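Just add 27 to wherever you are in the sequence shown, counting from 1, and you've got my numbering.
For glycine and all other residues, C-beta sits at the position ideal for the given N, C-alpha and C.
Because the structure is a prediction, the values reported are computed rather than measured.
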Amino acid sequence: MPDMKMIVLFGCGALLLRGAGCTVNDLLDRDIDVKVQRTMLRPIASGVVTPFQGLCFLGFQLLLGLGILLQLNTFSRVLGASSLLLVFSYPLMKRLTFWPQAFLGLTFNWGALLGWAAIKDSLDPAVVLPLYLSGVFWTLVYDTIYAHQDKEDDIRVGVKSTALRFGDSTKEWIAGFGLACTSSLALSGMAILCLFVSCNFPISMAD
């Protein structure tokens with residue numbers, strides 16, 4: 028049976044990480060958000076919340092996240108803390124590359140690595156890397172579709188996205204990412220099955 032404590036910790040942790048990522052994004056993008064139709068009413072961009080208040084809220088989110096992280100083993104703490112580099116760098120990627128959605132995938136799917144580490148106190152690359160990559164590919168699917176609504180504003184403001192990079196070839200790219208996502212999930216599942224068999228076969232032989 029799943030460890031209910033871990034399910035609760037990771038559920039709360041995922042909520043806090045995503046929330047902290049959104050807060051960082053709103054803080055760093057406030058000058059851009061005010062120029063984009065979809066985002067101009069976000070709290071910081073619209074002036075409802077000041078940048079200082081946003082920083083205070085971010086500190087509160089990170090403090091709660093630290094409390095959750097301290098419930099895990101040492102290896103998981105280090106792995107979890109390292110994700111902050113991605114959390115703080117992702118909002119800048121749209122200024123530097125046409126692939127910010129890929130960085131979003133790397134950030135939001137870090138839990139695939141952390142979950143295994145929290146239970147096993149290690150990482151099994153054959154299992155967790157395909158699982159992690161499947162999440163990255165899936166993020167590329169949904170966030171590229173999402174980014175298409177902002178294309179005109181993005182061009183005007185001067186930021187980049189996969190929607191702009193792919194243009195009329197988006198459907199083909201999305202299909203490719205969907206196939207890669209499914210294939211990666213299958214590879215991870217096969218690795219888990221092999222691990223399960225290798226762990227249980229010697230026991231059955233001993234019986």
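Integer-rounded CB distance, given that residue j should sit under 8 Å from residue i
i, j, result
"Leu131", "Thr166", "6 Å"
"Pro127", "Ala218", "Not confirmed; about 30 Å, so no contact."
"Lys62", "Val184", "5 Å"
"Leu54", "Gly81", "5 Å"
"Thr50", "Leu99", "Actually they do not touch by this definition, with Cβ atoms about 23 Å apart."
"Met67", "Asp60", "6 Å"
Residue i to residue j span [Cα, whole Å]
i, j, result
"Ser161", "Ser210", "8 Å"
"His175", "Phe87", "33 Å"
"Tyr159", "Leu212", "9 Å"
"Ala145", "Thr124", "33 Å"
"Ile201", "Arg192", "12 Å"
"Pro78", "Ile71", "6 Å"
"Ser196", "Asp30", "44 Å"
"Ser231", "Gly216", "Unreliable positioning characterises Ser231 in this predicted model, as indicated by a pLDDT of 48, which lies under 50. A coordinate reading is not provided."
"Gly203", "Pro152", "23 Å"
"Gly194", "Lys187", "12 Å"
"Glu199", "Ser116", "28 Å"
"Glu179", "Leu97", "44 Å"
"Leu89", "Asp58", "24 Å"
"Phe37", "Leu111", "16 Å"
"Arg69", "Leu214", "40 Å"
"Asp181", "Ile34", "38 Å"
"Asn136", "Lys147", "18 Å"
"Leu206", "Tyr173", "19 Å"
"Val93", "Ser109", "It should be pointed out that residue 93 corresponds to Leu in this sequence rather than to Val. Cα-Cα distance, rounded: 12 Å."
"Lys121", "Ser225", "44 Å"
"Cys83", "Gly107", "21 Å"
Within 8 Å, strictly: CB atoms of residue i and residue j
i, j, result
"Ser149", "Phe223", "no"
"Ile95", "Gly40", "yes"
"Thr189", "Gly48", "no"
"Arg45", "Asp177", "no"
"Val155", "Ala139", "yes"
"Leu43", "Leu119", "no"
"Val163", "Ala129", "yes"
"Cys221", "Val168", "no"
Continuous alpha helix (DSSP H) assignments of at least 4 residues falling wholly in the region 156 to 213: 178 to 184 and 189 to 193
Contiguous alpha helix (DSSP H) assignments of at least 4 residues, all confined to the region 45 to 99: 57 to 60, 70 to 73 and 78 to 96
Inside the region 105 to 153 only - alpha helix (DSSP H) runs reaching at least 4 residues: 127 to 135 and 138 to 147
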